[in-house]
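For the first sequence, the numbering used here assigns the number 88 to the initial residue and increments by one for each residue that follows.
A virtual CB, placed ideally from N, CA and C, is assigned to each residue, including glycine.
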Amino acid sequence: MKREVRVRFAPSPTGPLHIGGVRTALYNYLFARRHGGKMILRIEDTDSQRFVPGAEEYIIESLKWCGIEIDEGVGVGGPHAPYRQSERKDIYLKYAMQLIEAGWAYYAFDTPEELDVLRKEAEEAGKTFAYNYEVREKLPTSLSLTKEEVEARIARGEQWVVRFKMPENEVVKMDDLIRGHVEMNTSTLDDKVLYKSVDALPTYHLANIVDDHLMEVSHVIRGEEWLPSLPLHYLLYRAFGWTDTQPEFAHLPLLLKPIGSGKLSKRDGDKMGFPVFPLFWTSPTGETSRGYREDGYLPEAFINMLSLLGWNPGTEQEVFSMQELIDTFSLDRVSKAGARFQPDKAKWFNAQYMHNMSDEQLAPLMQPILKAKGIEVSDAMAGKAAGIMKERMTLVTDMWDLTSFFFVAPTEYEEKLTKKQWKGDNPAMLAKLRGLLEGIEDFSKENTEAVVRAWIEQNGYALGQVMNTLRLALVGAGKGPGMFDVTEFIGKDECLKRIDSLIANVTPVE
RNA sequence: GGCCCGUUCGUCUAUCGGCUAGGACGCAAGAUUUUCAUUCUUGAAAGACGAGUUCGACUCUCGUACGGGCUACCA
Numbered sequence: 088m089k090r091e092v093r094v095r096f097a098p099s100p101t102g103p104l105h106i107g108g109v110r111t112a113l114y115n116y117l118f119a120r121r122h123g124g125k126m127i128l129r130i131e132d133t134d135s136q137r138f139v140p141g142a143e144e145y146i147i148e149s150l151k152w153c154g155i156e157i158d159e160g161v162g163v164g165g166p167h168a169p170y171r172q173s174e175r176k177d178i179y180l181k182y183a184m185q186l187i188e189a190g191w192a193y194y195a196f197d198t199p200e201e202l203d204v205l206r207k208e209a210e211e212a213g214k215t216f217a218y219n220y221e222v223r224e225k226l227p228t229s230l231s232l233t234k235e236e237v238e239a240r241i242a243r244g245e246q247w248v249v250r251f252k253m254p255e256n257e258v259v260k261m262d263d264l265i266r267g268h269v270e271m272n273t274s275t276l277d278d279k280v281l282y283k284s285v286d287a288l289p290t291y292h293l294a295n296i297v298d299d300h301l302m303e304v305s306h307v308i309r310g311e312e313w314l315p316s317l318p319l320h321y322l323l324y325r326a327f328g329w330t331d332t333q334p335e336f337a338h339l340p341l342l343l344k345p346i347g348s349g350k351l352s353k354r355d356g357d358k359m360g361f362p363v364f365p366l367f368w369t370s371p372t373g374e375t376s377r378g379y380r381e382d383g384y385l386p387e388a389f390i391n392m393l394s395l396l397g398w399n400p401g402t403e404q405e406v407f408s409m410q411e412l413i414d415t416f417s418l419d420r421v422s423k424a425g426a427r428f429q430p431d432k433a434k435w436f437n438a439q440y441m442h443n444m445s446d447e448q449l450a451p452l453m454q455p456i457l458k459a460k461g462i463e464v465s466d467a468m469a470g471k472a473a474g475i476m477k478e479r480m481t482l483v484t485d486m487w488d489l490t491s492f493f494f495v496a497p498t499e500y501e502e503k504l505t506k507k508q509w510k511g512d513n514p515a516m517l518a519k520l521r522g523l524l525e526g527i528e529d530f531s532k533e534n535t536e537a538v539v540r541a542w543i544e545q546n547g548y549a550l551g552q553v554m555n556t557l558r559l560a561l562v563g564a565g566k567g568p569g570m571f572d573v574t575e576f577i578g579k580d581e582c583l584k585r586i587d588s589l590i591a592n593v594t595p596v597e
């Protein structure tokens with residue numbers, strides 16, 4: 088049976104999406120596009136306690152910035168709407184009841200507090216408490232209580248949950264697209280809560296399986312942290328009688344901290360000096376976190392870097408456009424071990440992308456930066472300035488420092504360069520050079536360079552001496568492109584003005 | 001603690017029984033250069049450990065160690 092590929096990214100709106108989540112979304116997206124399938128965005132907000140306002144919008148904006156397109160789901164709609172689980176709450180109770188009737192689940196009346204007590208007791212006795220076949224008949228459940236008692240308790244308004252009746256001592260055989268065959272004995276598993284009466288909401292496990300089934304999801308691609316609950320999910324498909332359309336599973340390796348141990352967490356970024364989120368985030372309590380976008384990364388570079396964290400094409404190619412990723416992505420080249428996130432490599436990728444941009448592509452990046460400085464120039468000029476300096480750029484946020492001298496005359500002069508150049512014959516030499524420049528008709532960089540080089544040779548100057556003194560006047564610092572890129576860009580009048588300014592305002596060192 | 005997953009240069013990784021173990025980031029040295037960069041060349045740098053299978057093991061099996069995940073009426 089050939090089934091349409093349908094994958095979903097199903098985040099929980101409990102905060103900003105971190106880069107591990109972005110990578111999961113990316114792999115889902117690449118897989119969907121690779122196979123001509125659909126990408127679904129489902130919001131799993133079944134935990135009313137942990138809901139964070141703004142998180143959903145953040146997730147959607149992040150995916151958009153990354154170029155991960157949603158075919159169906161929150162924000163775009165689709166045949167299985169709604170895609171927000173809180174808006175589907177009517178659906179789940181029926182399925183929970185179906186499981187109870189079939190003997191796959193039961194009511195439990197114990198409270199979280201009572202369970203905490205049991206857990207503590209077990210812990211003190213040196214054992215681990217597990218809610219499973221050993222205890223479920225001893226606790227107040229529909230397995231230990233009479234039917235009348237159960238109905239009475241419910242009628243009385245007592246809180247209850249539905250728990251899955253995990254079979255005893257059965258080996259569940261599972262297949263994972265990345266990890267291969269995995270087996271687990273059900274006796275080591277506990278009776279997970281599927282539905283709770285307090286808020287009339289399902290837990291992740293029920294909602295997830297029901298929605299994946301209803302939305303005809305063909306492949307579940309998610310983080311490795313879900314692997315331990317895979318047997319439960321297998322069993323749920325069996326309990327519902329949906330095994331014939333059960334999706335295939337792929338559990339992705341986790342993203343680990345750059346240093347230290349453990350998986351990458353939301354707090355790592357600010358501690359270690361790099362962003363862990365795609366976009367800047369302000370929490371409802373006012374705390375802020377850096378984002379890749381605001382830190383000056385290009386979405387293409389960010390995505391390229393993430394794509395290679397846990398996947399490789401099997402060739403030596405490293406720079407990939409989204410389309411190239413789509414064309415080469417495959418789950419069987421996803422690695423099994425967790426990948427340590429490496430901020431330096433993210434910078435390298437960004438630099439590669441900046442180096443390869445045309446002036447036309449650079450201009451829209453440059454314009455907002457110039458506008459913020461109150462500088463109005465044409466796109467052509469903005470792009471040209473950026474283009475001259477692009478090989479020195481790592482981040483978008485580097486652009487101003489690298490190009491400012493094209494647009495504003497130096498207001499101060501770097502001490503080191505001044506000491507080295509603004510002495511001896513150089514002031515006199517610069518005055519002569521000013522005269523030479525003033526007489527040049529064709530101020531294109533080729534012509535200016537030819538004229539100046541000839542003049543240097545005739546007068547027996549050293550190239551570095553002339554160029555660096557001119558650089559002091561025009562740039563004010565020991566940085567920047569070749570001097571004739573500068574002279575051409577700023578034009579003759581501005582050149583002369585800047586030279587005059589240096590001569591007039593800075594006394595030569597002896 | 002229990003269960004599960006994993007383990008090649010510092011980091012990301014290639015290798016699907018024949019390896020002088022390849023690439024990239026980072027690092028070091030050199031070259032180019034009017035500054036700062038870029039770029040180029042070169043270098044250092046790895047198969048966790050122990051058994052077994054095999055003519056042969058980084059690749060297969062087992063054990064140990066280490067790392068990671070899960071163990072909530074969170075996802």
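- With a cutoff of 9 Å on beta-carbon distance, residue 397 and residue 110 are scored as near each other.
- Around the beta carbon of residue 184, a 10 Å sphere encloses fewer than 16 other beta carbons of the protein chains shown; the residue is thus reported as exposed.
- Take residue 321, set aside five residues on each side of it, and the residues of its chain with a beta-carbon closer than 8 Å to its own are 259, 261, 333, in chain order.
- When DSSP assignments are scanned along the region 364 to 397, the uninterrupted stretches of alpha helix (DSSP H) that are 4 or more residues long and fall wholly within it turn out to be 386 to 394.
- An exposed status is given to residue 166, since fewer than 16 other beta-carbon atoms sit within 10 Å of its beta-carbon.
- Per the DSSP secondary-structure output, residue 258 pairs in a beta bridge with 272.
- The Cβ neighbour count for residue 277, taken over all protein chains shown within 10 Å, is at least 16; the residue is labelled buried.
- In the three-state DSSP reduction, residue 278 falls in the coil class, being neither helix nor strand.
- Contact between the region 407 to 427 and the region 365 to 383 is absent: fewer than three C-beta pairs spanning the two stretches fall below 8 Å.
- For residue 194, the uninterrupted beta strand (DSSP E) segment begins and ends at 192 to 195.
- DSSP places residue 302 outside any alpha helix (DSSP H), giving it a letter other than H or E.
- The beta carbon of residue 432 sits closer than 7 Å to the beta carbons of 392 from its chain, once the five residues preceding and following it are set aside; these are given in chain order.
- With respect to the C-alpha of residue 202, the residue from 226, 179, 181 having the closest C-alpha is 226.
- DSSP lists 95, 159 as the beta-bridge partner residues of residue 127.
- With fewer than 16 other Cβ atoms from the protein chains shown falling within 10 Å of its own Cβ, residue 401 counts as exposed.
- Taking C-alpha positions only, residue 252 is separated from residue 186 by approximately 9 Å.
- Look at the region 482 to 510 and you find these whole runs of alpha helix (DSSP H), each 4 residues long or longer: 486 to 494, 502 to 508.
- Classified as exposed, residue 495 has fewer than 16 neighbouring CB atoms from the shown chains inside 10 Å of its CB.
- Spanning the alpha carbons of residue 283 and residue 466 requires a straight line of approximately 59 Å.
- By the Cβ rule, the region 355 to 366 counts as touching the region 149 to 156, because three or more pairs are nearer than 8 Å.
- The C-alpha of residue 544 is placed about 30 Å away from the C-alpha of residue 490.
- Looking at the DSSP output, residue 590 bridges to nothing.
- Look at the beta carbons and you see the region 291 to 302 touching the region 126 to 139: at least three pairs across the two are nearer than 8 Å.
- Under the criterion of beta carbons closer than 8 Å, residue 509 and residue 559 qualify as touching, at roughly 6 Å.
- At the C-beta level, residue 292 and residue 310 stay beyond 9 Å of one another.
- In this structure, the alpha-carbon of residue 498 lies about 8 Å from that of residue 563.
- Residue 471 is a Cβ neighbour of residue 576, given a cutoff of 9 Å.
- Taking a contact as a CB-CB distance under 8 Å, the pair residue 474 and residue 446 counts as one, their CB atoms being some 4 Å apart.
- Pairing residue 306 with residue 96, the inter-Cα distance amounts to about 11 Å.
- With the rule of 3 Cβ pairs closer than 8 Å, the region 155 to 164 does not count as touching the region 208 to 218.
- Taking C-alpha positions only, residue 281 is separated from residue 179 by approximately 9 Å.
- Exclusion of the five residues before and after residue 248 leaves 194, 195, 280, 281, 282, 283, 284 as the residues of its chain whose Cβ lies within less than 8 Å of its Cβ.
- Residue range 234 to 242 is occupied by the alpha helix (DSSP H) that includes residue 240.
- Nearest in C-alpha terms to residue 531, of all of 460, 169, 574, is 574.
- With the rule of 3 Cβ pairs closer than 8 Å, the region 261 to 275 does not count as touching the region 101 to 116.
- Just measuring C-alpha positions, the residue of 104, 126, 99, 546 sitting nearest residue 93 is 126.
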